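**Q** Right, I'll just put the structure down here and ask away after.
2 protein chains.
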Amino acid sequence: MVARAVAAPFVIGLDVGGTKILSGLVDGDGHIVAQHEIHSPGDSEEDVLAALDAAVEELLDDRVAAIGFGIPSNLERNTGRVLHATNLPLENIDLAARSQERYGLPVGVENDASVAALAEWKRGAGRGSNNLVMFTLGTGVGGGIVIDGKLFRGWAELGHVVVQEGGPPCACGGRGHLEVLASGHAGDRAARDLYGPDADAHLLIDKGHSGDVRAVEALARIGESLGAAIGSLVNIFDPDLTVVGGGFGAAAGELVLGPARGAARNEAIAPADETLRVVPAELGAEAGLVGAGLVGFEALVEA
Amino acid sequence: MVARAVAAPFVIGLDVGGTKILSGLVDGDGHIVAQHEIHSPGDSEEDVLAALDAAVEELLDDRVAAIGFGIPSNLERNTGRVLHATNLPLENIDLAARSQERYGLPVGVENDASVAALAEWKRGAGRGSNNLVMFTLGTGVGGGIVIDGKLFRGWAELGHVVVQEGGPPCACGGRGHLEVLASGHAGDRAARDLYGPDADAHLLIDKGHSGDVRAVEALARIGESLGAAIGSLVNIFDPDLTVVGGGFGAAAGELVLGPARGAARNEAIAPADETLRVVPAELGAEAGLVGAGLVGFEALVEA
């Protein structure tokens, strides 16, 4: 059994969210070979940690060589300590140390958008690239960056890049951040402006796909702001490609991506103004679990 | 002599600009032990290459283990090919390969603002840090980034980060880029608006230091735009500190840095909204030469 574990180890990946915890047995290529789901992880830190333990132990056997977490939080650089999770009662906790001690395995912890970027690089839209920037447009906006074939372990909080200095207020206290301009909430606001107080981003996107001009224009404005941020990131990272995912991003598709691509080309310096690529994510909701598994493999390599 | 060269090698660093080429013999700590200057490197590629050769050969002896160039150009990732230099007739040329062949030594080539960041990290305001972002405010705006104690080798064109979507046009074709809002040229424009067609950034800064309210306000606006960009970069890189250098940046000092610091804190997410540091560069005009030398040492280590 030991020889087999060394020859083909698996890791347990955990995609941790406010409403559910997905856990999966992931192989070295980022494929999920078994999966488990826990709903409503709870309202206290104690409950959430118990749910995380249950999610791990459901899949734990002697083939498991490491554990990886994708968490909706920014992390303290170097220590990997979870600073403050979104929609989850986890604050200032060293999840990696706790799990290492409990299971005696290498443990990796990363931001959920960063693990999605790692997943898209390994198995999704970024296969074969060395440098990748990813934006996840969901309720909020997240980001992840791969540099020279390795996940960048800084914050990569691409939702909090300033696009409009002095613009509309962001929940974080800043102004004109990408998250205010290009999240699902931005879609909700645009929908309410056009179609009344009960409308939301889903309706806006449906209308857009049906060719409603006002919806197409509103989504194009969102895309242009995304494109300005993509241009900034291209001028910093010169990536092989930029990947756009997340629930809102996937649903809006080219209604947002097309205008984003045009705006990004306007802002990118030569030669990226002609060569840059902006493509949709390929892994969908699976990206979080695959990426968490890959972070576990990174921890295994570093151990 | 060989044993001595191995024990304490020097590199030749070249700080290449449109009006002069500085060359220096640099030791492993980034100190300049000999220096040489060539004015007006010429109007053709042939002239410039001849001037570069003369600058190298002036200092070349058997203690020299590598050569490093700081060039006002973005570079092709991986190959290090010079794509298009600013104010110099160098375009699409593999300076590293040419010099390696000519001198039989390891050669490093990097963007001039990136080498300045490397210099500030090693010997200047960023000593002891692991992660640093640097902005150079000169005629244009450049940038450099150190990640985990190593120079980031992507573009790091921080002058072309979008601060005001749809804002004033940048020479690169984009809009609202930091370079339009916070360069010496931005200072010139503000000076002309306030004091007439003959005024320039030098006058604006003199007036500001003398307490002229209009000058102080104009420089504060420049600082606020810089601060918005710093906030974006902090939210991506979570650096230990942000360093601001360049001729315009150094001359304006706290008139720009103070408002930049405040704006950056407004835009940075927690805990960086309280912990971020924005400090002036320490090496001044020497940064380019020191950094070029350090890039030579990086090439030596990688050889």
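As you go down the protein sequences, you meet chains B and U in turn.
The first sequence begins at 1454 in the numbering used here and counts up one residue at a time.
The second sequence begins at 1454 in the numbering used here and counts up one residue at a time.
Heads up, the beta-carbon is just placed ideally off N, CA and C, and yes, glycines get one too.
On a predicted model such as this, the values are computed, not experimentally measured, just so you know.
1) If I measure Cβ to Cβ from residue 1693 of chain B and keep anything under 7 Å in the same chain, skipping five residues before and after, which residues do I get?
2) Identify whether residue 1630 of chain B lies in helix, strand or coil by the three-state DSSP scheme.
3) Just to confirm, are residue 1629 of chain B and residue 1609 of chain B a CB contact at a threshold of 8 Å?
4) To which residues of the same chain is residue 1472 of chain U closer than 6 Å at the C-beta, ignoring the five residues directly before and after it?
5) Have a look at U:1559, U:1673, U:1679, U:1637 and flag the residue whose alpha-carbon is nearest the alpha-carbon of residue 1464 of chain U.
6) Under the three-state reduction of DSSP, which class applies to residue 1605 of chain U: helix, strand or coil?
7) According to the neighbour-count rule (16 or more other Cβ atoms, all chains shown, within 10 Å of its Cβ), is residue 1492 of chain B buried or exposed?
8) Would you mind reading off the limits of the alpha helix (DSSP H) that contains residue 1743 of chain B?
9) Excluding five sequence neighbours on each side, which residues of the same chain lie with their C-beta closer than 7 Å to the C-beta of residue 1727 of chain U?
10) Which residues of chain B have a Cβ atom closer than 9 Å to the Cβ of residue 1540 of chain U, listed in chain order?
11) Counting pairs of Cβ atoms below 8 Å between the region 1737-1752 of chain B and the region 1631-1639 of chain U, do you hit three or more?
12) Any beta carbon from chain U within less than 8 Å of residue 1678 of chain B's own beta carbon?
13) So with Cβ pairs under 8 Å, would you call residue 1610 of chain B a contact of chain U?
14) According to DSSP, is residue 1540 of chain B helix, strand or coil?
15) Give every residue of the same chain whose Cβ lies closer than 6 Å to the Cβ of residue 1602 of chain U, excluding the five residues on either side of it in the sequence, and list them in chain order.
16) Between residue 1464 of chain B and chain U, is the shortest Cβ-Cβ distance under 8 Å, so that the two count as touching?
17) Could you check the C-alpha separation between residue 1623 of chain U and residue 1613 of chain U for me, to the nearest Å?
18) Do you know how far the Cα of residue 1462 of chain U is from the Cα of residue 1517 of chain U?
19) With a CB to CB cut of under 8 Å and the five nearest residues on each side skipped, what residues in its chain are close to residue 1498 of chain B?
20) Is the Cβ of residue 1617 of chain B closer than 8 Å to any Cβ of chain U?
21) Would a check of beta-carbon distances place residue 1638 of chain B closer than 8 Å to chain U?
22) I need the straight-line Cα distance from residue 1650 of chain B to residue 1620 of chain B, nearest angstrom please.
23) In or out: residue 1685 of chain U buried (at least 16 other Cβ within 10 Å) or exposed?
24) Comparing C-alpha positions only, which one of U:1665, U:1701, U:1490, U:1670 sits nearest to residue 1655 of chain U?
25) What residues in the region 1681-1692 of chain U have a beta carbon less than 9 Å from any beta carbon of chain B?
26) Would you say residue 1722 of chain B faces chain U, with C-beta separation under 8 Å as the test?
27) Could you please tell me which residues of the region 1702-1722 of chain B, in chain order, have their CB closer than 9 Å to any CB of chain U?
28) Between the Cα of residue 1573 of chain B and the Cα atoms of B:1710, B:1681, B:1483, B:1466, which residue gives the shortest distance?
29) Nearest CA to the CA of residue 1396 of chain U: which residue from U:1562, U:1496, U:1626, U:1477?
30) Can you give, in chain order, each stretch of the beta strand (DSSP E) that sits fully within the region 1482-1543 of chain U and has at least 3 residues?
31) Taking any Cβ of chain B, which residues in the region 1642-1669 of chain U have a Cβ under 9 Å from it, in chain order?
32) Closer than 8 Å is the cut-off here; do at least three beta carbon pairs connect the region 1564-1573 of chain U with the region 1654-1669 of chain U?
33) Apart from the five residues on each side of it in sequence, which residues of its chain come closer than 7 Å, Cβ to Cβ, to residue 1752 of chain B?
34) Just by C-beta distance, which residues in the region 1590-1607 of chain U are closer than 9 Å to chain B?
35) Which complete alpha helix (DSSP H) runs does the region 1672-1724 of chain U hold, if anything under 4 residues is left out?
36) In its own chain, which residues sit with a C-beta less than 8 Å from the C-beta of residue 1690 of chain B, not counting the 5 before and 5 after it?
**A** In terms of the structure at hand:
1) In the first sequence, the residue the question calls residue 1693 of chain B occupies position 240. Contacts found: 1582, 1583, 1584, 1585.
2) Taking the first sequence and counting its residues from 1, one reaches residue 1630 of chain B at position 177. Shown here, residue 1630 of chain B sits in a strand according to DSSP, grouped into three states.
3) Stepping through the first sequence from its first residue, residue 1629 of chain B is reached at position 176. Stepping through the first sequence from its first residue, residue 1609 of chain B is reached at position 156. The Cβ atoms of residue 1629 of chain B and residue 1609 of chain B do not sit closer than 8 Å to each other.
4) Counting from 1 along the second sequence, the entry for residue 1472 of chain U is found at position 19. Excluding residues within five positions, none has a Cβ falling inside 6 Å.
5) Here residue 1464 of chain U refers to the residue found at position 11 of the second sequence. Checking every option, the nearest Cα to that of residue 1464 of chain U belongs to U:1559.
6) Residue 1605 of chain U sits at position 152 when you count from the first residue of the second sequence. In the three-state reduction of the DSSP assignment, residue 1605 of chain U falls in the coil class, being assigned neither a helical nor a strand state.
7) In the first sequence, the residue the question calls residue 1492 of chain B occupies position 39. With fewer than 16 other Cβ atoms within 10 Å, it is exposed.
8) In the first sequence, counting from the first residue as 1, residue 1743 of chain B sits at position 290. Looking at the DSSP string, the run of the alpha helix (DSSP H) that includes residue 1743 of chain B is 1740-1755.
9) Translated into positions along the second sequence, residue 1727 of chain U becomes position 274. Correct list: empty, nothing qualifies.
10) Mapped onto the second sequence, residue 1540 of chain U falls at position 87. Those do not exist, as residue 1540 of chain U stays about 16 Å from chain B at its closest Cβ, beyond 9 Å.
11) Contact between the region 1737-1752 of chain B and the region 1631-1639 of chain U is absent, because fewer than three Cβ pairs lie under 8 Å.
12) The count along the first sequence starts at 1 and reaches residue 1678 of chain B at position 225. Output row for residue 1678 of chain B: interface = yes.
13) As a working note, residue 1610 of chain B is residue 157 in the first sequence. With 8 Å as the cut-off, residue 1610 of chain B counts as an interface residue toward chain U.
14) The sequence position of residue 1540 of chain B within the first sequence is 87, counting from 1. Coil.
15) Mapped onto the second sequence, residue 1602 of chain U falls at position 149. 1583.
16) Here residue 1464 of chain B corresponds to residue number 11 of the first sequence, with the count starting at 1. For residue 1464 of chain B, the answer is no, since every Cβ of chain U falls outside 8 Å of its Cβ.
17) Mapped onto the second sequence, residue 1623 of chain U falls at position 170. Mapped onto the second sequence, residue 1613 of chain U falls at position 160. Residue 1623 of chain U and residue 1613 of chain U have their C-alpha atoms spaced approximately 8 Å apart.
18) The residue labelled residue 1517 of chain U in the question sits at position 64 within the second sequence. The residue labelled residue 1462 of chain U in the question sits at position 9 within the second sequence. The straight-line gap from Cα to Cα measures roughly 6 Å.
19) Indexing the first sequence from 1 puts residue 1498 of chain B at position 45. 1542, 1543, 1544, 1546, listed in sequence order.
20) For the purposes of this step, residue 1617 of chain B is identified with residue 164 of the first sequence, where counting begins at 1. With 8 Å as the cut-off, residue 1617 of chain B counts as an interface residue toward chain U.
21) Counting from one through the first sequence, the residue named residue 1638 of chain B turns up at place 185. Chain U, which has no Cβ nearer than 8 Å to the Cβ of residue 1638 of chain B, makes this no.
22) Taking the first residue of the first sequence as 1, we reach residue 1650 of chain B at position 197. Taking the first residue of the first sequence as 1, we reach residue 1620 of chain B at position 167. Approximately 23 Å between the Cα atoms of the pair.
23) Numbered from 1 along the second sequence, position 232 holds the residue referred to as residue 1685 of chain U. So residue 1685 of chain U ends up on the buried side.
24) Sequence index remark: in the second sequence, residue 1655 of chain U carries index 202 (1-based). Ranking U:1665, U:1701, U:1490, U:1670 by Cα distance to residue 1655 of chain U puts U:1701 first.
25) Under the 9 Å Cβ criterion, the region 1681-1692 of chain U contributes 1681, 1682, 1684, 1685, 1686, 1687, 1688, 1689, 1690, 1691, 1692.
26) As a first step, residue 1722 of chain B must be located in the first sequence, where it is residue number 269. At least one chain U Cβ lies under 8 Å of residue 1722 of chain B.
27) Of all residues in the region 1702-1722 of chain B, only 1716, 1719, 1720, 1721, 1722 come within less than 9 Å of chain U when Cβ atoms are compared, listed by chain position.
28) On the first sequence, residue 1573 of chain B is found 120 positions in, with the first residue counted as 1. Distances from the alpha-carbon of residue 1573 of chain B to those of B:1710, B:1681, B:1483, B:1466 put B:1483 closest.
29) The requested residue 1396 of chain U does not occur in the structure, where chain U is confined to residues 1454 to 1756.
30) With a minimum length of 3 residues, the continuous beta strand (DSSP E) runs that stay inside the region 1482-1543 of chain U are 1485-1492, 1517-1524, 1526-1528, 1535-1538.
31) Against chain B - using a Cβ distance shorter than 9 Å - the region 1642-1669 of chain U contributes no residues.
32) With a cut-off of 8 Å, the region 1654-1669 of chain U and the region 1564-1573 of chain U do not count as touching, because too few Cβ pairs lie within range.
33) Locating residue 1752 of chain B in the first sequence gives position 299, where the first residue counts as 1. Around residue 1752 of chain B: 1519, 1521, 1559, 1560, 1561.
34) So the list reads 1596, 1598, 1600, 1601, 1605, 1606, 1607, given in the order they occur along the chain.
35) Secondary structure remark: continuous alpha helix (DSSP H) runs of at least 4 residues inside the region 1672-1724 of chain U, in chain order: 1700-1705, 1707-1720.
36) Within the first sequence, the letter at position 237 stands for residue 1690 of chain B. Hits under 8 Å: 1584, 1586, 1598, 1600.
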